[in-house]
Amino acid sequence: MSSESWSGSHRHASPVSRALSGFRARVMLTVIGSTAWIAFTLLYIGFWAHGFSLFQNIIVILTSIVVLLGAIVAAWVSYGLGMARGWTDW
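With the working numbering, the residue at position 20 of the sequence shown is 24, and numbering never jumps.
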């Protein structure tokens with residue numbers, strides 16, 4: 005085995021660096037998105053929910069969950085497909 009490290013001069017990136025590329029951004033999206041959803045829910049219930057019926061309030065909360073989960077799932081699916089693409093090149 006050579007003592008060369010994985011660097012930009014190599015044609016293929018390190019398996020570890022390839023696996024971790026984009027991981028941080030997706031984790032941050034998940035954490036920030038979840039925190040923003042909790043903040044939205046608390047603000048909505050505290051300030052804006054009074055003019056709506058219980059059913060309308062439930063629909064607003066469920067819709068916000070669907071939007072958040074859609075964004076998070078889309079981010080992680082793209083990451084997973086990128087990892088699967090890496091396995092086909094292996």
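Note that beta-carbon positions come from the ideal geometry of N, C-alpha and C, so glycine has one too.
Note that the structure is a prediction, hence the values are computed from the model and not measured.
Asked: Proximal residues to residue 75 (C-beta, below 8 angstroms), its chain only, five neighbours per side dropped; Found: 33, 37
Asked: Option nearest residue 43 by Cα separation, candidates 69, 80, 77, 81; Found: 69
Asked: C-alpha distance - residue 66 paired with residue 48, whole-angstrom precision; Found: 13 angstroms
Asked: Terminal residues of the alpha helix (DSSP H) in which residue 38 lies; Found: 27–47
Asked: Which listed residue (25, 26, 41) has its alpha carbon closest to that of residue 73; Found: 41
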